[in-house]
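Protein chains in written order, with full-length UniProt numbering: chain L, 1 to 334; chain Y, 1 to 334. We treat Cβ as the ideally placed atom computed from N, Cα and C, and that holds for glycine. The structure presented is a predicted model; accordingly, all values stated were derived computationally and were not measured. Notes for the one structure printed next.
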DNA sequence: ATGAAAGCGCTAACAT
DNA sequence: ATGTTAGCGCTTTCAT
C-alpha cells in the first residue's frame with residue numbers, strides 16, 4: 001500500500017455529490033435556518049457528507065466568522081496537579097456544552113508579549129491566563145487582535161481584563177501566620193526551581209514576608225529543585241540553619257522536603273513544622289499528614305458558563321468577577 | 001472607559017501604513033525571499049506593523065497554506081502525572097524550534113470517530129494520540145481530512161498510522177511476574193474508576209492476566225476511585241480476601257491504597273506486596289519505598305524531531321517507529 | 001425552496 | 001525591487 005496524499009473533501013464536493021449548492025450544504029450541516037431546506041434534500045446532503053467523509057475546516061469557518069470557537073489556556077496550568085486537572089476537565093465539559101473547544105497552549109516564553117502574540121494568532125474566543133503573564137502590553141495586544149474575552153487568574157485586578165482573583169500571596173500569609181501562632185520563629189520558604197513556577201512562588205513568598213513582618217518572625221527563601229538529591233542537600237544544610245519551620249511552596253515540594261528532613265534525622269513537626277499548599281490528596285497520605293492551604297475556587301462548569309456569557313455580551317466592563325477563597329487545613333505536620 | 005470592539009488590524013492596514021503592497025508585507029514579516037525587499041522598506045514595514053499592533057491571523061494563513069502548524073495531543077496525556085508533563089514540556093520546546101505549536105485538545109468523547117473529527121477540523125500538521133482512541137475509522141477520517149502525520153502511542157501497531165509502541169500490558173506482566181517470583185499467589189489488580197484511564201487499565205490488566213496464567217497465580221481486578229474513602233473501603237475488604245499482593249495500576253493509586261492498607265493494620269510488604277507504575281518521584285518518598293514499573297521512552301526533543309521529519313517527508317510508510325522499554329524498579333514495597 | 005456570489009486575511013505565482 | 005491578483009473553504013445576504 002502506498003501512502004498517497006488524500007484528496008481534500010470540501011463542502012463544494014458534498015454539494016456536487018448531493019446535487020445542491022454549497023449554501024444548502026452549509027445550511028443543512030450547521031442546522032441554521034431550520035425549515036428552509038426540505039427534509040429529502042437534507043437527507044441527501046447528510047448522506048453525501050458521510051459517504052465522502054467530509055470534515056469541516058475550522059480555519060475557513062473562523063476566517064469567515066471573524067472568530068474561532070477556541071478557548072485557550074496555557075498548559076502550565078495543567079501541570080499543577082491532579083486537583084487542577086480534574087477542574088480543567090470540568091471546565092472543558094462545560095465549554096463543550098456551550099459550543100467551544102478548550103485547548104491548552106504548550107508555549108512558554110520569557111516575554112509575556114511574545115507569548116500573548118502566539119495566542120492572539122489563533123484568534124480564540126477567549127483566553128484564560130495566569131495574570132502574572134499578562135502585562136498591560138500583553139492585554140492590549142490580545143484585545144487589539146480581537147480576542148473578545150481576556151480572563152486573568154491573578155492575585156489582583158488586571159486592567160482591561162476580566163479577573164478571577166487567586167491570592168497566592170494569601171497562601172503564603174496564611175501559612176506563615178499559622179506557623180507563627182504555633183511559636184515558630186525562623187521560617188524557610190521553598191522557592192521551586194522548575195520553570196513556570198517562579199511567578200506563583202514570588203507571590204507566595206511576598207505573602208509570607210508580609211505575615212512575617214506582622215508577627216515578628218524571620219523568613220528565608222530557600223531554592224529547591226524537584227529532585228531527591230536537591231532535597232537531600234537542602235536537608236543537610238538544615239542543622240546549622242536554625243529554621244524551625246518551612247512553607248513548602250506546595251504539597252509536592254513540601255512532601256519531597258519532608259522525606260529528606262526525616263531521612264536526615266529531623267522530626268516533623270517536632271524539629272521542623274511543614275506546611276504545603278494546594279491540598280492535594282497526597283497531603284493526606286503522608287506521615288505525618290501534611291497541613292496545607294486549600295483554595296476554594298468556583299467549579300469548572302461555573303467558569304465555563306461565565307466565559308460563555310462574557311463572549312455573548314461583548315459590552316461587559318472588565319473587572320473582578322470572583323475571588324477564590326484560601327483556607328488553611330490543619331493536619332499533623334505543623 | 002467604554003469597552004469598544006477593537007478595529008482588527010490586517011496586513012492590508014500595515015501595507016497601507018507603510019506605503020507598500022500586501023505582498024511586500026508578507027515577504028518582510030515572514031522573512032521569505034530574502035534580499036527581495038530593500039532594507040529601508042523592510043524597516044518601514046516592521047515599524048508600521050509594530051505601531052499598529054499587527055498580529056497575523058493563523059486561520060487565514062493555514063487556509064491559504066493548506067495546513068496549519070498545530071500539533072495536537074489529547075490533554076488527558078498531560079493529566080497522567082509530573083513525569084509526563086516534564087516530557088511534554090520537552091516535546092513542546094522541540095516542536096517550537098521546528099516551527100510548530102503544540103496544543104493539548106481538551107475534548108473527551110466516548111466515540112473515537114467523533115473525537116477524531118473534532119481534531120481533524122483543526123487540520124493539524126500532526127496528531128499524537130493514545131492508540132486505543134484510534135480505531136481504523138478514526139485513522140481514515142484523519143488521513144482523509146489531510147492530517148499528514150497520525151502518530152499513535154499504542155501497545156501495538158495501528159494500521160495506517162505511525163506507531164510508538166507503549167506496551168501497557170508489559171507493565172502488568174512485569175508486575176505480576178515479579179510478585180509471583182516473590183511467592184505471592186493471590187494478586188489484586190487495581191482498576192481506576194476515573195475517566196480516561198480505563199483503556200490503559202484494561203491493557204495493564206491483560207498483561208497481568210497473561211503473566212498470571214504463565215506463573216499459575218490468581219488475578220482479581222478490584223475497582224478503586226481516587227478517593228480516601230474508597231481506598232478505605234477496599235482496604236477493609238482485604239481481610240477476607242486472601243490477596244497477598246496488589247498491582248496498583250500506577251504509583252498514585254498504589255500509594256493511596258498502601259496508606260489505606262496500613263491504616264487497616266496490614267503490613268506492606270509483609271501482609272501485602274504492592275507494585276505501582278510510572279516510577280514517579282513520589283514512589284521514592286513513600287514508606288516503604290514503592291516498587292514500580294518505569295518506562296524509558298524517547299525524549300520529547302527526539303520525538304519532536306521525528307514528527308518534523310515525518311511532516312516534511314509525506315511519503316514515509318506508516319509503521320512502528322520506536323518501542324518504549326518497560327523496566328521493573330525494585331524497592332521496598334514488594 | 002434553492003442558488004449565485006461576495007468576501008473573511010493571507011501567500012505566492014506572475015507581472016511590471 | 002515592488003505590485004497585482006487569484007484563490008484557500010466557508011457562511012450569508014440577496015436574488016430567483
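Contact residues of the region 28-61 of chain Y toward chain L are 53, 55, 56, 57, 58, 59 and 60 (C-beta to C-beta distance below 7 Å). In the DSSP assignment, residue 326 of chain Y forms a beta bridge with Y/295. Collapsing the DSSP output to three states places residue 313 of chain Y in coil. Residue 285 of chain L reaches chain Y at 255, 256 and 259, counting residues in chain order whose Cβ is nearer than 7 Å. Cβ contact annotation for residue 284 of chain L (same chain, cutoff 6 Å, sequence separation greater than five): none. If you compare the alpha carbons of Y/97, Y/131 and Y/96 with that of residue 112 of chain Y, the shortest gap goes to Y/131. Residue 101 of chain Y reaches chain L at 105, 106, 107, 118, 121 and 122, counting residues in chain order whose Cβ is nearer than 9 Å. No Cβ-Cβ contact shorter than 8 Å links residue 108 of chain L with residue 204 of chain L. Comparing C-alpha distances from residue 158 of chain L to each of L/99, L/210, L/274 and L/133 shows the shortest one belongs to L/133. Residue 306 of chain L has a beta carbon lying at 8 Å or more from every beta carbon in chain Y.
For residue 239 of chain L, no beta strand (DSSP E) run applies, since DSSP gives it neither H nor E. A residue is called buried when at least 16 other Cβ atoms come within 10 angstroms of its Cβ; residue 148 of chain L meets this threshold and is buried. Runs of the beta strand (DSSP E) lying entirely within the region 166-226 of chain Y and spanning at least 3 residues, in chain order: 186-192 and 218-224. In this structure, residue 264 of chain L lies near residue 238 of chain L, with their beta-carbon atoms less than 8 Å apart. Taking 8 Å as the Cβ-Cβ cut-off, the region 131-147 of chain Y approaches chain L at 140, 141, 143, 144, 145 and 146, given in chain order.
Inside the region 44-119 of chain L, DSSP marks whole beta strand (DSSP E) runs of 3 or more residues at positions 70-74 and 101-105, from first to last along the chain. The C-alpha of residue 96 of chain L lies about 42 Å from the C-alpha of residue 334 of chain L. Judged by beta-carbon spacing, residue 293 of chain Y lies within the 8 Å limit of residue 175 of chain Y, meaning their Cβ atoms are closer than that value. Under the three-state reduction of DSSP, residue 126 of chain L is assigned to strand. When secondary structure is reduced to three states using DSSP, residue 25 of chain L falls in the helix class. Between residue 52 of chain L and residue 75 of chain L, the gap from beta carbon to beta carbon reaches 8 Å or more.
Boundaries of the alpha helix (DSSP H) around residue 255 of chain Y: 251-263. For the region 312-325 of chain L, the beta-carbon criterion of a distance under 9 Å to any beta-carbon of chain Y is satisfied by 314, 315, 316, 317 and 318. Around residue 96 of chain Y, the beta-carbon contacts reaching into chain L at under 7 Å are 107. The residues 224, in chain order, have a CB closer than 7 Å to that of residue 230 of chain L in the same chain once the five nearest residues on each side in sequence are set aside. Under the Cβ distance rule, residue 203 of chain L does not count among the residues neighbouring chain Y, no pair being separated by less than 8 Å. Our two residues, residue 37 of chain L and residue 41 of chain Y, have alpha carbons roughly 53 Å apart in a direct line. DSSP places residue 15 of chain Y in the uninterrupted alpha helix (DSSP H) bounded by 11-18. Taking a Cβ-Cβ cut-off of 8 Å, residue 197 of chain Y has no neighbours in chain L, whose nearest Cβ is about 12 Å from it.
Between residue 63 of chain Y and chain L, the shortest Cβ-Cβ separation is below 8 Å.
If you ignore the 5 residues before and after residue 33 of chain L, its C-beta comes within less than 8 Å of the C-beta of 27, all in its own chain and listed in chain order. Taking a beta-carbon distance threshold of 8 Å, residue 175 of chain L does not count as an interface residue toward chain Y. Each of Y/123, Y/11 and Y/62 was checked against the Cα of residue 47 of chain Y, and the nearest Cα belongs to Y/11.
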